[in-house]
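Structure, as structure tokens:
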């Protein structure tokens with residue numbers, strides 16, 4: 018049996034946008050995931066400071082939250098974002114890899130609840146925090 | 136009563152387009168996503184031309200939620216900056232020379248952003264508009280809506296709070 022991290026990484030490489038952002042799965046556990054995004058010039062939002070654009074952090078958080086939902090033992094498979102709220106506490110330090118850690122802390126038949134943090138090298142001061150809800154859907158189309 | 140003769144239309148357009156280009160043209164991430172802005176007077180419509188790299192779910196296929204969030208955030212920031220810039224540009228407080236030399240205010244910083252996904256984004260071009268609900272000296276509140284084929288059927292909406300750049304340089 019291949020481990021979940023390999024499986025998640027394979028799944029991730031099949032997502033063109035995740036690939037374009039250079040996302041890499043570093044950990045997958047029960048209802049949790051960790052994904053990192055290496056610093057790259059095309060992700061910059063403020064050319065003067067070289068700080069990564071908030072949108073790229075959002076995309077990282079969204080992907081990581083989705084991965085956490087899919088790795089929940091009660092998740093039947095596919096998921097899509099219903100809503101995602103992100104608070105940006107500080108600018109990520111230019112040049113550093115940004116790591117997102119997400120946890121799916123509750124799941125019902127139709128909705129999964131997730132929270133996540135984004136960190137750079139300074140792990141004591143998170144860059145951003147997110148909370149979101151995701152759909153819970155089986156891989157096969159619901160007959161209803 | 137004498138009235139100042141209006142400027143020739145080309146000059147007005149040139150100034151406005153140059154300001155818009157300077158505002159959005161230097162941000163690498165906006166270029167990476169391929170976002171452009173369509174201007175009609177002071178109204179801006181952000182355009183996200185479809186590209187394979189924007190796909191999240193290759194089976195459907197559907198736009199990645201992160202790409203959608205980023206599109207709405209970019210639309211909000213540029214929309215807010217543009218609204219801020221417009222008055223200075225029209226009054227002549229900000230001249231074309233200064234704009235072209237890059238003397239533009241820094242972009243607002245996102246404090247918080249909430250994105251609601253209303254339906255899945257199709258593999259088509261997407262459009263978005265920002266509406267500045269409140270813009271103060273320090274904080275601003277912006278709402279944005281994104282749609283594809285049908286303006287009345289948005290596929291995502293966002294509401295964000297922003298920290299305004301310092302007023303004098």
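Protein chains in written order, with my numbering: chain A, 18 to 161; chain B, 136 to 304.
Glycine included, every Cβ here is placed at the ideal spot set by N, Cα and C.
What's the gap between the Cα of residue 65(A) and the Cα of residue 291(B)?
-> Taking the first residue of the first chain as 1, we reach residue 65(A) at position 48. Taking the first residue of the second chain as 1, we reach residue 291(B) at position 156. Rounded to whole angstroms, residue 65(A) to residue 291(B) spans 30 angstroms at the Cα level.
If you check the beta carbons only, do residue 145(A) and residue 74(A) fall under 8 angstroms apart?
-> Mapped onto the first chain, residue 145(A) falls at position 128. Mapped onto the first chain, residue 74(A) falls at position 57. Result yes, Cβ atoms of residue 145(A) and residue 74(A) sit closer than 8 angstroms.
Could you name the residues of chain A that residue 245(B) contacts, counting a contact when the two beta carbons are closer than 7 angstroms?
-> Here residue 245(B) is taken as the residue at index 110 of the second chain, counted from 1. By Cβ distance, chain A contributes 71 and 105.
Within its chain, find whatever has a CB closer than 6 angstroms to the CB of residue 266(B); leave out the 5 residues flanking it on each side and keep chain order.
-> On the second chain, residue 266(B) is found 131 positions in, with the first residue counted as 1. Closer than 6 angstroms at the Cβ level, and outside the excluded window around residue 266(B), lie 278.
Please check if any C-beta of chain A sits within less than 8 angstroms of the C-beta of residue 249(B).
-> Here residue 249(B) is taken as the residue at index 114 of the second chain, counted from 1. It does; some Cβ of chain A falls within 8 angstroms.
Return the CA-CA distance between residue 121(A) and residue 69(A), expressed in angstroms with no decimal places.
-> Stepping through the first chain from its first residue, residue 121(A) is reached at position 104. Stepping through the first chain from its first residue, residue 69(A) is reached at position 52. Taking the straight line joining both Cα atoms gives about 26 angstroms.
Determine, using beta carbons only, whether residue 190(B) comes closer than 8 angstroms to chain A.
-> The count along the second chain starts at 1 and reaches residue 190(B) at position 55. Cβ-Cβ to chain A under 8 angstroms: yes for residue 190(B).
In angstroms, rounded to a whole number, what distance separates the CA positions of residue 45(A) and residue 92(A)?
-> Taking the first residue of the first chain as position 1, residue 45(A) is located at position 28. Taking the first residue of the first chain as position 1, residue 92(A) is located at position 75. Near 14 angstroms, if we compare the C-alpha coordinates of residue 92(A) and residue 45(A).
Counting only beta-carbon atoms, is residue 161(B) nearer than 8 angstroms to chain A?
-> Here residue 161(B) corresponds to residue number 26 of the second chain, with the count starting at 1. So, interface residue.
Could you tell me which chain A residues have their CB closer than 8 angstroms to the CB of residue 193(B), listed as they occur along the chain?
-> By 1-based counting over the second chain, the position of residue 193(B) is 58. 31, 32 and 33, listed in chain order.
For a contact meaning CB atoms closer than 8 angstroms, what does residue 169(B) contact in chain A?
-> In the second chain, the residue the question calls residue 169(B) occupies position 34. Per Cβ cutoff of 8 angstroms: no residues; residue 169(B) is ~11 angstroms from chain A at best.
Anyone know if the C-beta pair for residue 117(A) and residue 81(A) falls short of 8 angstroms?
-> Against the first chain, residue 117(A) aligns to sequence position 100. Against the first chain, residue 81(A) aligns to sequence position 64. Closer than 8 angstroms, so yes.
Positions along the segment 206-220 of chain B whose CB lies within less than 9 angstroms of some CB in chain A | 206, 207, 208, 209 and 212
May I ask you to report which of helix, strand or coil DSSP gives residue 59(A)?
-> Here the question's residue 59(A) lines up with position 42 in the first chain. Looking at residue 59(A) - three-state DSSP - the assignment turns out to be helix.
Look at the alpha carbon of residue 125(A) and the alpha carbon of residue 237(B), and state the distance between them as a whole number of angstroms.
-> Taking the first residue of the first chain as 1, we reach residue 125(A) at position 108. Taking the first residue of the second chain as 1, we reach residue 237(B) at position 102. Roughly 52 angstroms separates the two Cα atoms.
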